[in-house]
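Asker:
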Amino acid sequence: ETGVTQTPRHLVMGMTNKKSLKCEQHLGHNAMYWYKQSAKKPLELMFVYNFKEQTENNSVPSRFSPECPNSSHLFLHLHTLQPEDSALYLCASSLGGSADTQYFGPGTRLTVL
Amino acid sequence: GIQVEQSPPDLILQEGANSTLRCNFSDSVNNLQWFHQNPWGQLINLFYIPSGTKQNGRLSATTVATERYSLLYISSSQTTDSGVYFCAVGPGTSGSRLTFGEGTQLTVNP
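Same order as they appear, the protein sequences are chains A and B. Counting from 1, position 82 in the first sequence corresponds to residue 82 in the working numbering; the numbering is continuous, with no gaps. If you count the second sequence from 1, you need to add 113 to reach the working numbering.
(1) Quick one: grab the DSSP three-state call for E128/B.
(2) Pull up the distance between the alpha-carbon of A99/A and that of R210/B, whole angstroms please.
(3) Consider the Cβ of G154/B: report whether some Cβ of chain A lies at a distance smaller than 7 Å.
(4) Quick one, are the C-beta atoms of T192/B and P223/B less than 7 Å apart?
(5) Can you list, in chain order, the residues of its chain with a C-beta nearer than 8 Å to that of N131/B? Leave out the 5 residues immediately preceding and following it.
(6) Going along chain A in order, which residues have a C-beta closer than 9 Å to the C-beta of E215/B?
(7) Establish whether the CB of N137/B and some CB of chain A are separated by less than 7 Å.
(8) Between the segment 17-33 of chain A and the segment 117-124 of chain B, do at least 3 Cβ pairs fall closer than 8 Å?
(9) Quick check on T101/A: does DSSP put it in helix, strand or coil?
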């Protein structure tokens with residue numbers, strides 16, 4: 001069992017669809033993160049949750065809506081996305097905050113048509 | 114915010130060669146991590162190294178925090194070392210974010 005899992009691994013959606021990305025960590029960590037990785041750009045932090053509480057929202061458009069029901073699960077709800085939102089979405093977790101080693105999931109490759 | 118510069122942007126090696134990747138950062142940090150992203154997108158944490166030197170097999174890293182740079186050494190490179198190497202830094206305070214560099218794309222040819 002890998003430490004951080006993400007589903008689905010690939011997703012193609014239209015601009016009017018609603019979909020959700022799921023992340024689960026089996027490491028007993030207390031912090032979870034969503035990152036966006038677009039082609040030719042560095043990883044961009046989107047959201048941070050510590051002990052289920054959102055501690056950071058990096059000016060992300062409201063068409064991305066995170067949810068953290070418990071310390072092991074993190075969702076990213078998507079609606080009315082744009083083609084420029086196509087990217088690799090990575091989930092990570094760490095024991096404490098960002099100062100600790102972060103462990104990444106395999107990512108969801110999202111394509112918005 | 115902190116600026117992170119990685120060099121070189123691209124590197125092509127023959128199997129067995131050694132290499133050095135560099136990460137420069139613009140401000141004091143208490144958190145520096147090196148990651149390897151394989152061709153399938155999986156990011157693996159290589160080192161947590163805000164200062165000093167660490168070694169793990171053929172890989173080692175050194176961070177000179179006072180001079181604001183870190184180096185990642187890869188010795189006797191293998192084709193499986195191919196991928197993108199990212200440096201990420203942060204102030205280290207609770208809740209503070211990691212800022213990633215643009216990465217070094219490494220290709221190791223057989």
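Where a beta carbon is used, it is the ideal one built from N, C-alpha and C, also for glycine.
Answerer: Taking the geometry as given:
(1) The residue given as residue 128/B occupies position 15 in the second sequence. E128/B: coil per DSSP, three-state reduction.
(2) Counted from its first residue, the first sequence places residue 99/A at position 99. Counted from its first residue, the second sequence places residue 210/B at position 97. Approximately 8 Å, taken between the alpha carbons.
(3) As a working note, residue 154/B is residue 41 in the second sequence. Yes, its Cβ sits closer than 7 Å to a Cβ of chain A.
(4) Start at 1 with the first residue of the second sequence, and residue 192/B comes out as number 79. Start at 1 with the first residue of the second sequence, and residue 223/B comes out as number 110. Contact flag set, yes.
(5) The residue labelled residue 131/B in the question sits at position 18 within the second sequence. Here the set comprises Y186, I187, S188, S189 and S190.
(6) By 1-based counting over the second sequence, the position of residue 215/B is 102. Within chain A, the residues near E215/B are K40, K41 and P42.
(7) Here residue 137/B is taken as the residue at index 24 of the second sequence, counted from 1. No - not a single Cβ of chain A is within 7 Å of the one on N137/B.
(8) no
(9) In the first sequence, residue 101/A corresponds to position 101, counting from 1. Coil at T101/A, not helix or strand.
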